Amino acid sequence: MSIIVEFTLPVLQLDTEFWQTLADYKLNVQRLGTSAIETVGEMPPHDPSRILCSTVKEVSEPLPSRGCCLGRVYNHNTIQDFAKADRQAIVGSSLDQILSTALSPSSSPGPVGPQGSPARLLITPQLLYFIVICYADLKNFKFTYNCAVPRLAFKTPLIVTSAAPMIAEAIDDDALLARLTAEMVLLRYEDNTLSNLRDMPAGRLLEVLVLVANLPEPNAATVVLPWYMSTLLVAIMTRFKSTVDDSITLRLVHQRGSSVRITVVVPGDLNACVERVPGWIAFPGPQGKPTVTTTWAHPLPSALDLRRVMDPAALAVSATDLNVRLMQWRVLPTLDPDRIMNLRCLLIGAGTLGCAVSRTLLAWGVKNITFVDSGHVSFSNPARQNLFTYEDAVGKRPKAEAAAARLGEIVPGLNVSGVQLEVPMPGKSTTGGIDDISRAVEKLDSLIAGHDVVFLLTDSRESRWLPTVMVASAGAKTKGGPMGVSVALGFDSYLVKVQSYGGGYVSLENMIMSFW
């Protein structure tokens, strides 16, 4: 039974930091430009088939001392330009370049940096890189993209010539292991010299050392190599075809120091035996994992919403929520943070008590707050009421409006509003008559019905009487209704009382007529 050589599929991992740095690069460097951005992906020694790209960095910057390959990012200015991008042409021209370079015996695969110094890359950018075609919506922190890892492949599998069991051998050369871990692929010549793939000097090739994640079993029917080796083997076979006897020895090396040697047959006509693979990656594929296609038809674009990690307003809300969840994790396991955060709280009174209670609700993660107050900010308020400023007093800003605006500045993204409304009080005269009282009662009734908790925070007992009756009536009507919480603050004492009521429903007409 023949042993065949297979190649892993590439796994491209674009971290959140990649999109963050891309957004920053687009905003501050590229701006309206559309030229391809060159970046770098790292391939960790323990998993060389994986490409990790966590930043958009210039290739001229220092690169990590490990296997790397270039990436090309085509970032479009509008979603329409992204939709019209000729993806097949982009990948096709890249594959033409890869194929031309790999099949050129005189090719010099040493990439050169801007000052003439060799870049620390696994292989020339004409042979190995990944492609990202995207549109970055910088206002909404949303990214739409297609990805591909173009490469060469053999039309028919490579055959291992030796039928002997593949027995692992130990490598005692720590320096060799360290260098191979950094380079990932090395060439050993007959004079025992080593070379990386950036140089590939002429000479008689003895073996190719390849870093792999797993060694094959002794009697395995297949040998699995990293995805990039299919392209690199085409270049190596072309370069050394005149000095090898129709076969090349590969020494598969594990990071821990064991190795296995295999010998593969060199195809007679590489031009006829090699095909181009576009390598489109679909995010996500089955079971939520990315899948790599071998067809030229590109998959539907993937979309990524990073508002929760890039939008400052979303970050502020997330940090506030974390404080509450930490209490649940460490102190009170029975606490239900989501229930607290989704409560709709109505604060009747936006003075000293209203400001203090609203800030406490904010600390507990409550996101839905409505203020009701008829007053305006005066010069004596800012010193005692922490949601108001001197400018609010100068402009005589309505308290409910100013308090709601200030909460939105403290934690953006809240559902907070202010209603300027005078609560009818028994014994207090009114110039508007029964019509004004009716409208105020109806408005207050609709506000109470639309909230889960009503805080009574006004500065007199008379102004709390009607809301107290209305909360009790709503509770009797719906057999539950909103919770009423009355708060009073004295010179050296305080009172917090939760309202309960067991009586019957009181109609709006009876409430209104009780004033007359």
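Heads up: the sequence shown at position 97 corresponds to 97 in UniProt numbering, and the numbers run straight through without jumps. All residues carry an ideal CB built from backbone N, CA and C; glycine is no exception. Predicted model only: the values in this text are computed from it and were never measured.
Close-in-space but distant-in-sequence residues of the same chain around residue i (CB under 8 Å, 5 per side omitted)
| i | result |
| --- | --- |
| Asn323 | Ala363 and Gly365 |
| Asn214 | Val224 and His254 |
| Ala393 | Val377, Ser378, Phe379, Asn381 and Pro382 |
Cβ neighbour criterion (16 or more within 10 Å) applied to residue i
| i | result |
| --- | --- |
| Trp516 | Any reading at Trp516 is ruled out, since the residue's pLDDT is 44, under 50, leaving its predicted position unreliable. |
| Ile167 | exposed |
| Glu169 | exposed |
| Lys183 | In the sequence as presented, Lys is not what sits at residue 183; that position holds Glu. The residue in question, Glu183, is buried, as its Cβ has 16 or more Cβ neighbours within 10 Å. |
| Pro312 | exposed |
| Leu300 | exposed |
| Lys84 | exposed |
| Ser49 | buried |
| Pro333 | exposed |
| Gly116 | Because Gly116 carries a pLDDT of 35, less than 50, the predicted location of this residue cannot be relied on, and the following value inherits that uncertainty. Exposed, since its Cβ has fewer than 16 Cβ neighbours within 10 Å. |
| Glu442 | exposed |
| Phe240 | buried |
| Gly490 | exposed |
| Lys428 | exposed |
| Thr2 | First, the residue type needs correcting, since residue 2 is Ser and not Thr in the sequence shown. Label assigned to Ser2: exposed. |
| Ala297 | exposed |
| Tyr228 | buried |
| Leu95 | buried |
| Ala178 | exposed |
| Asn196 | buried |
| Tyr145 | buried |
| Arg384 | exposed |
Cβ-Cβ distance between residue i and residue j below 7 Å
| i | j | result |
| --- | --- | --- |
| Trp465 | Pro426 | yes |
| Asn75 | Lys26 | yes |
| Glu41 | Cys53 | Before going on, a small fix: residue 41 reads as Gly here, not Glu. Contact flag set, yes. |
| Thr161 | Thr238 | no |
| Thr101 | Leu127 | yes |
| Phe487 | Val496 | The sequence given here places Val at residue 487; Phe does not occur at that position. Yes, Cβ-Cβ distance for Val487 and Val496 is below 7 Å. |
| Glu217 | Thr249 | no |
| Arg344 | Asp452 | yes |
| Ala148 | Trp280 | yes |
| Ile437 | Ala474 | no |
| Ser374 | Glu422 | yes |
| Arg198 | Ile131 | no |
| Val56 | Thr39 | yes |
| Pro226 | Thr370 | no |
| Ala314 | Arg307 | yes |
| Thr181 | Pro337 | no |
| Asn415 | Asn368 | yes |
| Leu70 | Tyr129 | yes |
| Val247 | Val234 | Before going further, note that residue 247 is Ser rather than Val in the sequence given. Cβ atoms of Ser247 and Val234: not closer than 7 Å. |
| Ala440 | Gln420 | no |
| Ile348 | Pro424 | no |
| Ile51 | Met43 | yes |
Contact set for residue i: own chain, Cβ-Cβ below 6 Å, skip 5 residues either direction
| i | result |
| --- | --- |
| Leu387 | Cys355, Ala403 and Arg406 |
| Gly484 | Val454, Val471 and Gln499 |
Range of the contiguous beta strand (DSSP E) that encloses residue i
| i | result |
| --- | --- |
| Trp280 | Trp280 to Ala282 |
| Glu207 | Leu205 to Val212 |
| Gln20 | Segment Thr16 to Tyr25 is the alpha helix (DSSP H) holding Gln20; no beta strand (DSSP E) there. |
| Lys142 | Lys142 to Ala148 |
| Gln97 | Per DSSP, Gln97 belongs to no beta strand (DSSP E); it is in the alpha helix (DSSP H), Arg87 to Ala102. |
| Gln328 | No beta strand (DSSP E) holds Gln328; the alpha helix (DSSP H) holding it covers Pro312 to Arg330. |
| Arg72 | Cys68 to His76 |
| Leu225 | Thr222 to Leu225 |
| Asp305 | Ser302 to Asp305 |
| Phe7 | Ile3 to Phe7 |
| Gly395 | Run containing Gly395: none; DSSP gives neither H nor E here. |
| Ile37 | Ile37 to Glu42 |
| Ser258 | Ser258 to Val265 |
| Arg344 | Arg344 to Ile348 |
Boundaries (first-last residue) of the alpha helix (DSSP H) holding residue i
| i | result |
| --- | --- |
| Asp435 | Gly433 to Ala449 |
| Ser79 | It should be pointed out that residue 79 corresponds to Ile in this sequence rather than to Ser. Here the alpha helix (DSSP H) through Ile79 covers Ile79 to Lys84. |
| Ile133 | Counting along the chain, Ile133 falls outside any alpha helix (DSSP H), though it belongs to the beta strand (DSSP E) covering Tyr129 to Asp137. |
| Ile410 | Lys399 to Ile410 |
| Leu197 | Where Leu197 is concerned, there is no enclosing alpha helix (DSSP H), given that its DSSP letter is neither H nor E. |
| Asp338 | Pro337 to Met341 |
| Phe240 | Met229 to Phe240 |
| Arg271 | Reading the sequence as shown, one finds Asn at residue 271 and not Arg. Note, Asn271: alpha helix (DSSP H), Leu270 to Cys273. |
| Leu362 | Thr352 to Ala363 |
Close Cβ partners of residue i (< 7 Å) along its chain, the five nearest in sequence each way excluded
| i | result |
| --- | --- |
| Thr389 | Pro382 |
| Ile410 | Leu362 |
| Leu270 | Leu103, Val234, Met237 and Thr238 |
### contact_flag[the region 72-88, the region 254-264] where n(CB pairs < 8 Å) is 3 or more
no
### Task
Say whether the region 269-284 touches the region 177-194, bearing in mind that this needs 3 or more beta-carbon pairs closer than 8 Å, one atom from each stretch.
no
### Message
Three Cβ pairs or more, each shorter than 8 Å: is that satisfied between the region 449-458 and the region 339-356?
### Response
yes
### Task
Inspect the CB distances between the region 145-159 and the region 190-205 and report whether three or more fall short of 8 Å.
no
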